[in-house]
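Student:
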Amino acid sequence: MTRITRRRLGLLMGASAATFAMPTYLRAQDKPKVVVIGGGAGGATAARYLAKDSEGAIDVTLIDDSDQFTTCFFSNLYLGGYRDFGSITHSYDKLQSDYGITKVTGMAVGVDRDAKTVRMADGATIPYDRLVVSPGIDLIWDSVEGYSEEAAMIAPHAWKAGPQTQLLKEKLDAIGNGQQIVMVAPPNPYRCPPGPYERVSMMAHVLKSKGVDAKIIVLDPKDKFSKQGLFEEGWAKYYPGMIEWYGPTVHGGIESVDVEAGTVETGLDTFKGDLLNIIPAQKAGMIAAEAGLTNDSGFCPIDAASMRSTEDDSIFVIGDASIAGAMPKSGFSANSQAKVAAMNIRGDLIDAKVFPAKYSNTCWSLIESDDGVKVGAQYAPQDGQIASTSSFISQTGEDEETRKATYEESIGWYAGITSDMFG
Amino acid sequence: MRNGSDNRNAVAGLLAIGLLCAAFTTTSSLALAEETPDAAGERLFSQCKTCHEVGEGARHKIGPHLDGIIGRVAGTMDGFKYSRAMREAGEAGLAWDREALDSYLAKPRDFIKGNRMSYRGMGDAQDRETLIGWLANVSVSVPGAVVDDKAEEAHAPSSFADIVLAMEGDPEYGEYLAGECVTCHQASGHADGIPSIVGLPRDYFVTALFEYKTNVRSNEVMKLRVNNLANEEIAALAAYFSELEPQ
Numbered sequence: 267m268t269r270i271t272r273r274r275l276g277l278l279m280g281a282s283a284a285t286f287a288m289p290t291y292l293r294a295q296d297k298p299k300v301v302v303i304g305g306g307a308g309g310a311t312a313a314r315y316l317a318k319d320s321e322g323a324i325d326v327t328l329i330d331d332s333d334q335f336t337t338c339f340f341s342n343l344y345l346g347g348y349r350d351f352g353s354i355t356h357s358y359d360k361l362q363s364d365y366g367i368t369k370v371t372g373m374a375v376g377v378d379r380d381a382k383t384v385r386m387a388d389g390a391t392i393p394y395d396r397l398v399v400s401p402g403i404d405l406i407w408d409s410v411e412g413y414s415e416e417a418a419m420i421a422p423h424a425w426k427a428g429p430q431t432q433l434l435k436e437k438l439d440a441i442g443n444g445q446q447i448v449m450v451a452p453p454n455p456y457r458c459p460p461g462p463y464e465r466v467s468m469m470a471h472v473l474k475s476k477g478v479d480a481k482i483i484v485l486d487p488k489d490k491f492s493k494q495g496l497f498e499e500g501w502a503k504y505y506p507g508m509i510e511w512y513g514p515t516v517h518g519g520i521e522s523v524d525v526e527a528g529t530v531e532t533g534l535d536t537f538k539g540d541l542l543n544i545i546p547a548q549k550a551g552m553i554a555a556e557a558g559l560t561n562d563s564g565f566c567p568i569d570a571a572s573m574r575s576t577e578d579d580s581i582f583v584i585g586d587a588s589i590a591g592a593m594p595k596s597g598f599s600a601n602s603q604a605k606v607a608a609m610n611i612r613g614d615l616i617d618a619k620v621f622p623a624k625y626s627n628t629c630w631s632l633i634e635s636d637d638g639v640k641v642g643a644q645y646a647p648q649d650g651q652i653a654s655t656s657s658f659i660s661q662t663g664e665d666e667e668t669r670k671a672t673y674e675e676s677i678g679w680y681a682g683i684t685s686d687m688f689g
Numbered sequence: 029m030r031n032g033s034d035n036r037n038a039v040a041g042l043l044a045i046g047l048l049c050a051a052f053t054t055t056s057s058l059a060l061a062e063e064t065p066d067a068a069g070e071r072l073f074s075q076c077k078t079c080h081e082v083g084e085g086a087r088h089k090i091g092p093h094l095d096g097i098i099g100r101v102a103g104t105m106d107g108f109k110y111s112r113a114m115r116e117a118g119e120a121g122l123a124w125d126r127e128a129l130d131s132y133l134a135k136p137r138d139f140i141k142g143n144r145m146s147y148r149g150m151g152d153a154q155d156r157e158t159l160i161g162w163l164a165n166v167s168v169s170v171p172g173a174v175v176d177d178k179a180e181e182a183h184a185p186s187s188f189a190d191i192v193l194a195m196e197g198d199p200e201y202g203e204y205l206a207g208e209c210v211t212c213h214q215a216s217g218h219a220d221g222i223p224s225i226v227g228l229p230r231d232y233f234v235t236a237l238f239e240y241k242t243n244v245r246s247n248e249v250m251k252l253r254v255n256n257l258a259n260e261e262i263a264a265l266a267a268y269f270s271e272l273e274p275q
């Protein structure tokens, strides 16, 4: 049953006479159907907004191969010991009970764009009038020679939250004195630009708070990274001597990894780690390529004003899988894009009013307890691209109160976005 | 070479110095607050001021004004939209005597689960006692002098905020724009580190946003949002949020 706010109930009761004039598309069997592939920050938000704002006029199905969702955002805080795993894992129950969304647990393996159906791994087909594709990312295993899906069981990427995150946590907690962690950071474009560096901070925090004398080496294919000045300031302040970051001019190129031996081969040297965290290059979740929605970059081009795929008018691609101009690949961005997509779908299907697209993003990172930093921007379509219209970033040398407030804000944001996604 | 009695004297001397130091330490924290209880109470209240007013002419803001709070039944100030949790606590008989206030202020989110007050808690028992004592003195004992919102609007605009307040905001447009807000300001009205804006009175809402525009309030995320909002959009948002009921 669709949840009705008190305000709506009042309006509905007042307008009861109008129900006799209900347009054809509201009669049960004719409701337009929207299928959403991917139940994360993009997909769950899209499904909820479609169901909520159409007030039952649209039939919404949400497909995800898990029956619960662990957020990648804040998973670093779980690694750091600030949150437990349960607190970053969410159920789809409310989306079903309060919003009438049909949740299908399974893997979508293909899309027949002519017939407008989604094909599931078990052979079932689900028809759609509009499709939202929000599958996140998939890892390009061989972008680091020697790495693979099997290797990830020994050297986790933990770049898709869930069991990988728990595996990484286990290995982190087992690090002892004199040991070393080696992280291979990903090349652009990848989900969550500051993510690897927040992770390094969280790992350092765990080691420091246990009094473990261990080092963290970061081998980065990039010559600079998001919030670099802020992280480097924080690392020098809180974790002096613990963290070494090497860019390509120092390591001379990341060549290969041997997870059994625990080594990463670079142009400069062989680095040995008691824990290897390998984060390879990324592409849109596989279903996007299967459906013919990607271009050579491996991600999906979209219309900046609506998130509609440039390859198919009936399909919208949101979140990490999309090429969203200046917007970073983040949960916040996916949630923002989902609302624009949902609005445009309602415009297509039930003649709802469509307002000009506005997007925003803020990314918070925790460096040490009560020391949080953030970067963010507003975006709008400009000359066919999603461009930044204004932005901000935390400053080095900020006082303790500011950093603490920034951290507390991130806690408020997490509670907010997860209720915005899951109800 | 020192003999035993010299050692004992030395130890006694050291002990004396130690005790004096300890005495200075405990009295100095009170001495630092050579601070009258009144001044201390006011200082402690500064962390509440963002959301609460108290004293003659106090009005509702993000939180209800606190006039007449001592002894008042919870969730009963006229004209304020409390969370359901707070209203139910009052209906169940909770009244704000000093003991209840003390428990609440120690950990608001534990004392009344599901309430909207975005405050982690005041850990120091002495601080709480000082603050509650101050509140009792400062809060006008006549229960809630609620200022009528409408009366405020009947004067010529004297600031940009007033110009926006004079506009009729479109709540439907506000609902669309609110998509940008509810990622952080939960639509349910729950607050976990970001203040609730659900049910916020229009004039307070508009004034607050303008304070971000003019750097009276500082928060980079809010400044970004507000600088990208035109006057009609602020009016629409204010109209939308003021109509919502917290859960």
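Protein chains in written order, with the numbering used here: chain Z, 267 to 689; chain A, 29 to 275.
Ideal placement from N, C-alpha and C gives every residue a C-beta, glycine not left out.
Owing to the predicted nature of the structure, the values given are computational and were not obtained by experimental measurement.
1) Along the chain, where does the alpha helix (DSSP H) that runs through A:SER131 open and close?
2) Quick check on this structure: which residue in A:GLY99, A:THR235 and A:CYS76 has the alpha carbon closest to the alpha carbon of A:GLY118?
3) Give me the Cα-Cα distance between Z:SER320 and A:ARG87, rounded to the nearest whole angstrom.
4) Below 7 Å between beta carbons is the criterion; list the residues of the segment 588-603 of chain Z that meet it against any residue of chain A, in chain order.
5) Looking only at C-alpha atoms, which of A:ILE140, A:GLY107, A:ARG126 and A:ALA113 sits nearest to A:ALA153?
6) Between Z:ILE509 and Z:VAL478, is the Cβ-Cβ spacing less than 8 Å?
7) Mind listing which residues of the segment 248-266 of chain A have their C-beta closer than 8 Å to chain Z's C-betas, in chain order?
8) Helix, strand or coil: how does DSSP classify Z:PHE598 here?
9) Note down, in chain order, each residue of its chain lying with its Cβ closer than 7 Å to the Cβ of Z:THR672, except the 5 sequence neighbours on either side.
10) Which of the residues in the segment 664-682 of chain Z, read from start to end, lie with their CB under 7 Å from any CB of chain A?
11) With distances taken Cα to Cα, identify the nearest neighbour of Z:PRO452 among Z:SER575, Z:ASP636, Z:GLN648 and Z:TRP425.
12) Which residue from A:ASP95, A:GLU261 and A:GLU62 puts its Cα closest to that of A:GLU200?
13) Cα-Cα, which of Z:THR684, Z:GLY689, Z:GLU674 and Z:ILE683 is closest to Z:TYR348?
14) Check for me: the alpha helix (DSSP H) holding Z:THR311 runs from which residue to which?
15) Nearest by alpha-carbon distance to Z:ASP395: which of Z:LYS299, Z:ARG465 and Z:MET687 is it?
16) Going along chain Z, which residues have a C-beta under 7 Å from A:GLY207?
17) Can you pull the chain Z residues whose beta carbon is under 8 Å from the beta carbon of A:SER216, in chain order?
18) Can you give me the Cβ contacts of Z:SER332 inside the same chain, cut-off strictly under 8 Å, excluding the 5 residues immediately before and after it?
19) How many angstroms separate the CA atom of Z:GLU416 from the CA atom of A:PHE108?
20) Please report the Cβ distance between Z:GLU499 and Z:THR662, rounded to the nearest whole angstrom; I am assuming they are in contact, meaning their Cβ atoms lie under 8 Å.
21) If you pair each beta-carbon of the segment 676-688 of chain Z with each one of the segment 200-219 of chain A, do three or more pairs fall below 8 Å?
22) Using a Cβ-Cβ distance cut-off of 8 Å, determine whether A:GLY69 contacts chain Z.
23) Going along chain Z, which residues have a C-beta under 7 Å from A:GLY212?
24) Below 7 Å on C-beta distance, what does A:ASP220 contact in chain C?
25) Residues of chain A with a CB under 7 Å from the CB of Z:SER656: which are they?
26) Is there at least one Cβ from chain Z nearer than 8 Å to A:TYR240's Cβ?
27) Ignore the nearest five residues each way along the sequence and tell me which others in Z:VAL516's own chain have a CB closer than 7 Å to its CB.
28) Under 8 Å by Cβ, that's how I've got Z:ILE303 and Z:ILE616 pegged, so tell me the actual separation to the nearest angstrom.
29) Tell me whether A:GLY99 sits in a helix, a strand or coil according to DSSP, three-state version.
30) How many whole angstroms separate the CB atoms of A:ARG156 and A:LEU133, which I take to be in contact at a CB cut-off of 8 Å?
31) Report the residue from Z:ALA381, Z:GLY366, Z:ILE367 and Z:ALA387 whose alpha carbon sits nearest the alpha carbon of Z:VAL375.
32) How is Z:ARG396 classed by DSSP in three states: helix, strand or coil?
33) Just by C-beta distance, which residues in the segment 127-157 of chain A are closer than 9 Å to chain Z?
34) Does DSSP classify Z:MET468 as helix, strand or coil?
35) For A:TYR268, report the span of its alpha helix (DSSP H) as first-last.
36) Taking just the CA atoms, how far does Z:ASP636 sit from Z:ARG669?
Tutor: Let me lay it out:
1) 126-134
2) A:GLY99
3) 38 Å
4) PHE598 and ASN601
5) A:ARG126
6) no
7) GLU248, VAL249, LYS251, LEU252, ARG253, ASN255 and ASN256
8) helix
9) TRP630, GLY638, VAL639, LYS640 and SER660
10) Against chain A - using a Cβ distance shorter than 7 Å - the residues of the segment 664-682 of chain Z are GLU674, GLU675, ILE677, GLY678, TRP679, ALA681 and GLY682.
11) Residue Z:TRP425 is the option with its Cα nearest to Z:PRO452.
12) A:GLU261
13) Z:GLU674
14) The continuous alpha helix (DSSP H) containing Z:THR311 extends over residues 307-320.
15) Z:LYS299
16) LYS605
17) SER685
18) GLY305, THR371 and GLY428
19) Between the alpha carbons of Z:GLU416 and A:PHE108 lies a gap of roughly 58 Å.
20) 5 Å
21) Yes, the segment 676-688 of chain Z touches the segment 200-219 of chain A.
22) It does not; no Cβ of chain Z falls within 8 Å.
23) One point to set straight first is that residue 212 of chain A is Cys, not Gly, in the sequence displayed. GLY678, TRP679 and GLY682, listed in chain order.
24) Within the model displayed, chain C is absent; protein chains Z and A are what it includes.
25) LEU252, ASN255 and ASN256
26) no
27) Excluding residues within five positions, the ones whose Cβ falls inside 7 Å are LEU534.
28) The pair is not a contact, with the Cβ atoms about 21 Å apart (cut-off 8 Å).
29) Residue state for A:GLY99 is assigned as coil, using DSSP reduced to three classes.
30) 5 Å
31) Z:ALA387
32) In the three-state reduction of the DSSP assignment, Z:ARG396 falls in the strand class.
33) SER146 and ARG148
34) Under the three-state reduction of DSSP output, Z:MET468 falls in the helix class.
35) 259-270
36) 6 Å
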